[in-house]
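Numbering (the working numbering), first residue to last: 231 to 411.
Put into structure tokens, the structure is as follows:
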């Protein structure tokens with residue numbers, strides 16, 4: 231009786247198509263989670279350093295300093311002039327001058343509420359309230375500081391991207407088998 235056999239194939243084909251769609255949805259959700267994780271890993275705090283401002287260092291390690299042309303300061307959108315590393319000076323929580331090193335990689339970023347370029351890095355060895363000062367009489371200068379985001383952003387991007395590619399591969403496999411039946 232061929233009718234029982236055809237019904238079984240239709241059920242199996244529907245199940246395979248359902249599994250392919252499910253894996254495709256999981257791939258899209260994984261990409262969304264990876265994107266959100268990457269954006270959250272980018273934890274730069276913007277301060278208006280005209281001519282100086284303070285910020286909180288709450289973790290040790292490599293930090294970045296960026297000159298922002300657009301950023302949020304206390305929830306308000308502001309526009310700033312771009313400055314170079316040589317005009318920016320840092321002081322740690324004890325008042326010691328901390329040298330601002332040239333960044334290994336030039337990172338320019340643009341998000342919905344901020345835009346800027348990383349101009350320097352420093353090693354944060356002590357926690358507490360630090361200060362940043364900009365010389366040269368530049369008006370409306372926005373400086374963003376925070377832990378180096380490259381490592382965490384790369385982890386989110388690579389892990390989410392790898393999982394999404396895996397889910398899409400499985401979805402294609404299920405779809406191909408369903409189509410062949």
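Where is the CB? At the ideal position from N, CA and C, for every residue including glycine.
Rounded separation between residue i and residue j - CA only
i: residue 321; j: residue 263; result: 37 Å
i: residue 325; j: residue 279; result: 17 Å
i: residue 243; j: residue 273; result: 47 Å
i: residue 248; j: residue 355; result: 53 Å
i: residue 344; j: residue 360; result: 22 Å
i: residue 406; j: residue 382; result: 36 Å
i: residue 404; j: residue 388; result: 24 Å
i: residue 411; j: residue 402; result: 14 Å
i: residue 192; j: residue 301; result: With the chain covering 231 to 411 only, the question about residue 192 has no answer from this structure.
i: residue 399; j: residue 292; result: 37 Å
Residues near residue i in its chain [Cβ-Cβ closer than 6 Å; skip 5 each side]
i: residue 397; result: 253, 256, 257
i: residue 289; result: 377
Residue of the options minimising C-alpha distance to residue i
i: residue 347; options: 269, 299, 305; result: 299
i: residue 267; options: 395, 402, 390, 411; result: 390
i: residue 308; options: 297, 292, 401, 386; result: 297
i: residue 358; options: 364, 370, 365, 323; result: 323
i: residue 339; options: 352, 289, 380, 370; result: 380
i: residue 364; options: 311, 406, 393; result: 311
i: residue 269; options: 399, 405, 384; result: 384
i: residue 287; options: 260, 362, 265, 239; result: 362
i: residue 260; options: 352, 337, 392; result: 392
i: residue 369; options: 313, 293, 342, 401; result: 313
Cut-off 7 Å between Cβ atoms - residues of its own chain near residue i, not counting five sequence neighbours on either side
i: residue 275; result: 285, 374, 375, 376
i: residue 350; result: 295, 315, 318, 330, 331, 332, 333
i: residue 408; result: 243, 246, 247, 250
i: residue 271; result: 379, 382, 383, 386
Close Cβ partners of residue i (< 8 Å) along its chain, the five nearest in sequence each way excluded
i: residue 303; result: 276, 277, 278, 372
Any non-hydrogen atom of the ligand NAP closer than 6 Å to residue i Cβ
i: residue 323; result: By its list of ligands, the structure shown contains no ligand whatsoever, and the ligand NAP lies outside what it can speak to.
Quick check on the DSSP output: what are the complete beta strand (DSSP E) runs of length 3 or more inside the segment 338–369, in order along the chain?
338–340, 345–354, 358–364
Please go through the segment 302–340 and give each complete alpha helix (DSSP H) segment of 4 or more residues, from N-terminal end onward.
none
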